[in-house]
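Notes to accompany the following structure.
What follows is the structure, encoded as structure tokens:
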């Protein structure tokens, strides 16, 4: 979860529509909390039902593979992945403390 917790806010800051950024931040942060609750509840239910807890990991792995397969069907033109030097999107580079402004 660590890398997603670090990268997701950066992604929202650069790619979310300016008038919806707070909505995207809220959805991103609440998705992690809801995922934890659902994960613990599912595993707790499985253990109570007599199912070995490691089946929860297998269920999650299956779900992730299915998600990747479904997402791979989305046409490339519908996904915004502007990268590289030929990109139309340039990320700002902070070179001095003054570039931080009020963010200190």
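Residue numbers (my numbering): 80 to 183.
The C-beta atom is built at its ideal place from N, Cα and C for all residues, glycine as well.
With H, G and I counted as helix, E and B as strand and the rest as coil, what does DSSP make of residue 110?
What you label residue 110 is simply residue 31 of the chain shown in a count that begins at 1. Correct three-state label for residue 110: helix.
Cα separation between residue 143 and residue 91?
Position 64 of the chain shown, counted from the first residue, corresponds to residue 143. Position 12 of the chain shown, counted from the first residue, corresponds to residue 91. Cα to Cα, the separation comes out at about 22 Å.
Contact check, residue 119 vs residue 126 under 8 Å by CB: the rounded distance?
Taking the first residue of the chain shown as position 1, residue 119 is located at position 40. Taking the first residue of the chain shown as position 1, residue 126 is located at position 47. Cβ atoms of residue 119 and residue 126 stay farther apart than 8 Å, at about 11 Å.
Per DSSP, what kind of secondary structure is residue 152 in: helix, strand or coil?
What you label residue 152 is simply residue 73 of the chain shown in a count that begins at 1. Reduced to three states, the DSSP call for residue 152 is coil.
Who are the near neighbours of residue 107 in its chain, counting only those whose CB is closer than 8 Å to its CB and skipping five residues on each side?
Here residue 107 is taken as the residue at index 28 of the chain shown, counted from 1. Only 87, 88, 91 meet the Cβ criterion.
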